[in-house]
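Working notes, beginning with the structure itself.
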Amino acid sequence: MAINFNRKILLEDGQEYYGYGFGAAGDKVLEIVFNTSMVGYQEILSDPSYTDQAVVMTYPLIGNYGMAEEDYESAHPSIGALIVREYNDEPSNFRSAATLGDVMKKCGIVGVWGVDTRKLNRSIRDFGSRRALVTDAATPREKGLQLLKESSLPTDAVSRVSRKTPEEFPAEQARFHVAAIDCGMKQNIVRSLNKRGCSVTIVPWDTTAETIRSLQPDGVFISNGPGDPTDVPQTIETIRQLLGTVPIFGICLGHQIISLAYGARTYKLKFGHRGGNHPVKNLETGKIEITSQNHSYAVDTDSLAHTPLQVTHVNLLDQTVEGVKCEKDRVFSVQYHPESAPGPQDSAYLFDRFIHMMEEGGTNHA
Ligand SMILES: NC(=O)CC[C@H](N)C(=O)O
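When you line the sequence shown up against full-length UniProt numbering, it's residues 1 to 366, in that order.
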């Protein structure tokens, strides 16, 4: 250990990675994952899906363009920690209103820089995502390992990041009304819907189907969010009750919840997909989309055989399911992020598909 390192990351298998603290101080037990995006650290920091995760950026220079007021994906960034090679505390960008480190301090997010992120990321790739303790360099290894052994990752992340009361986002020239279930919803999804003439009523993750029906939406959206999709049985049940009564579109956690509602299964990937260049094949058009991704879990292909869902998209790197649909019920969802933020915008057409479904009109109220 070099003498002047003041922080470290201790993995549950005993590996230690040293660096310097930035952002907030304190000890945290988190799940360690990596993200290969070359830009977009502000959107990543403020994406609620990263709650309880320590994200290691593979790109080596982070912080250089600061933080812009318009670029937050949530009002209260809740990522567990950010681990980077080089942190730049002197951003150069006319849009920047604060440094990354200052925002992290304000939001209680710990950071470690100066870390050998190439070695750490290879370890995550080779041995999978693991639990990790972010702590002071001086914390004895045995004590840290004991702490890791005794603590488990929380299962209530969705309830912590979801809004507690409904919130309205009216569109300028509204043509449709969408009820969006907030499991940790990214703001660019709201922007993408507003831009297409959808007024959005965001409702908490545990809102009942009955309450959603009483809003008389033209369509229901179910958002991205943190954790294991099987941790939110109430939301799965809500969606199950809505199936076939109204057009439904889901993204990421929302896609997993829709699949579970139809009786499919989900499982955890070794190290997940997080980055801005994941190739996905649209099986309906044969086209390849370069997509933005951030997930640990995936829908089990075989389990779909017993459901009315059809696979619409696959990941070209590992053939995992990236999209499903049930035409008869007017339900579809994708595992990746058509709202991007950060990432390529090849998949924005999916929002148009949702609009089209609502245009066709009529809710098949049971
Ligand atoms: N971005 C998301 O919605 C992530 C979904 C889920 N928490 C997963 O990791 O698979």
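Just so it is clear, CB atoms sit at the ideal spot from N, CA and C, and this is done for glycine as well.
A quick note: this is a predicted structure, and the numbers were derived from the prediction, not measured.
Helix, strand or coil: how does DSSP classify residue i here?
{"i": "Ala185", "result": "Per the sequence shown, residue 185 should be read as Met rather than Ala. Residue state, collapsed to three classes: coil."}
{"i": "His177", "result": "strand"}
{"i": "Asp136", "result": "strand"}
{"i": "Asn4", "result": "coil"}
{"i": "Pro91", "result": "coil"}
{"i": "Ala209", "result": "helix"}
{"i": "Glu327", "result": "coil"}
{"i": "Val314", "result": "strand"}
{"i": "Glu12", "result": "coil"}
{"i": "residue 447", "result": "Because residue 447 is not part of the residues shown, which for the chain are 1 to 366, the question remains open."}
{"i": "Thr117", "result": "helix"}
{"i": "Ser347", "result": "coil"}
{"i": "Ser214", "result": "helix"}
{"i": "Ala305", "result": "helix"}
{"i": "Ser223", "result": "coil"}
Once the 5 residues before and after residue i are set aside, which same chain residues still bring their CB inside 7 Å of it?
{"i": "Glu284", "result": "Thr312"}
{"i": "Pro154", "result": "Asp52"}
{"i": "Tyr349", "result": "none"}
{"i": "Ala366", "result": "Because the pLDDT of Ala366 is 35, which lies under 50, any placement of that residue in the model is unreliable, and the number read from its coordinates should be weighed accordingly. So the list reads Thr245, once near-sequence residues are dropped."}
{"i": "Gly275", "result": "Asn35, Thr36, Ser37, Gln293"}
{"i": "Gly128", "result": "Lys270, Phe271"}
{"i": "Ala298", "result": "Thr266, Tyr267, Leu269, Thr320, Val321, Gln335"}
To which residues of the same chain is residue i closer than 8 Å at the C-beta, ignoring the five residues directly before and after it?
{"i": "Ala132", "result": "Ile9, Leu10, Leu11, Glu12, Val29, Leu30, Glu31, Ile32, Ala54, Leu148"}
{"i": "Asn224", "result": "Asp47, Pro48, Ser49, Cys183, Gly184, Met185, Lys186, Ile189, Ile251, Cys252, Leu253, Gly254, Asn294, His337"}
{"i": "Leu242", "result": "Ala209, Ile212, Arg213, Val220, Ile248"}
{"i": "Ala137", "result": "Met1, Phe5, Asn6, Arg7, Lys8, Tyr18"}
{"i": "Thr165", "result": "Pro204"}
Can you give me the Cβ contacts of residue i inside the same chain, cut-off strictly under 6 Å, excluding the 5 residues immediately before and after it?
{"i": "Met357", "result": "Pro247, Arg330"}
{"i": "Ile355", "result": "Arg196"}
{"i": "Gly63", "result": "Tyr87, Asn88, Leu100"}
{"i": "Tyr41", "result": "Ile62"}
{"i": "Leu316", "result": "Pro279, Lys281"}
{"i": "Trp113", "result": "Gly19, Tyr20, Phe22, Val84, Tyr87"}
{"i": "Glu69", "result": "Ala97"}
{"i": "Leu45", "result": "Pro77, Ile79"}
{"i": "Ser74", "result": "Ser46, Pro48"}
{"i": "Thr307", "result": "Tyr262, Gly263, Ala264"}
{"i": "Phe176", "result": "Cys198, Asp218, Met358"}
{"i": "Asp326", "result": "Reading the sequence as shown, one finds Cys at residue 326 and not Asp. Excluding sequence neighbours, Cys326 sits near Pro308, Leu309."}
{"i": "Asp27", "result": "Thr135"}
{"i": "Thr235", "result": "Trp205, Ile257"}
{"i": "Ser92", "result": "none"}
Just to confirm, are residue i and residue j a CB contact at a threshold of 9 Å?
{"i": "Tyr72", "j": "Gln187", "result": "yes"}
{"i": "Asp206", "j": "Ser162", "result": "yes"}
{"i": "Glu43", "j": "Pro229", "result": "no"}
{"i": "Gly263", "j": "Ser296", "result": "no"}
{"i": "Glu168", "j": "Val220", "result": "no"}
{"i": "Ile83", "j": "Val56", "result": "yes"}
{"i": "Arg130", "j": "Thr58", "result": "no"}
{"i": "Ser333", "j": "Ile222", "result": "yes"}
{"i": "Gly111", "j": "Ala81", "result": "yes"}
{"i": "Leu215", "j": "Val203", "result": "yes"}
{"i": "Ile257", "j": "Val324", "result": "no"}
{"i": "Gly14", "j": "Leu145", "result": "yes"}
Does ligand 3 have even one heavy atom less than 8 Å from the beta-carbon of residue i?
{"i": "Ser303", "result": "As for ligand 3, it is missing from this structure, which binds only ligand 1."}
Stretch-stretch touch, CB-based, cutoff 8 Å, three pairs: the segment 33–51 with the segment 110–127: Contact between the segment 33–51 and the segment 110–127 is present, because at least three Cβ pairs lie under 8 Å.
Stretch pair the segment 289–299 + the segment 331–342: three plus CB contacts closer than 8 Å: These segments touch.
3 or more residues per run - each beta strand (DSSP E) lying fully within the segment 230–297: Correct list: 248–251, 266–282.
Three or more C-beta pairs below 8 Å linking the segment 190–199 and the segment 99–116: With a cut-off of 8 Å, the segment 99–116 and the segment 190–199 do not count as touching, because too few Cβ pairs lie within range.
Residue ranges of each alpha helix (DSSP H) within the segment 119–171, 4 or longer: 141–150, 157–161, all fully within the segment 119–171.
Ordered list of alpha helix (DSSP H) runs contained in the segment 31–109, each at least 4 residues: Listed in chain order, the alpha helix (DSSP H) elements of length 4 or more contained wholly in the segment 31–109 are 41–45, 100–107.
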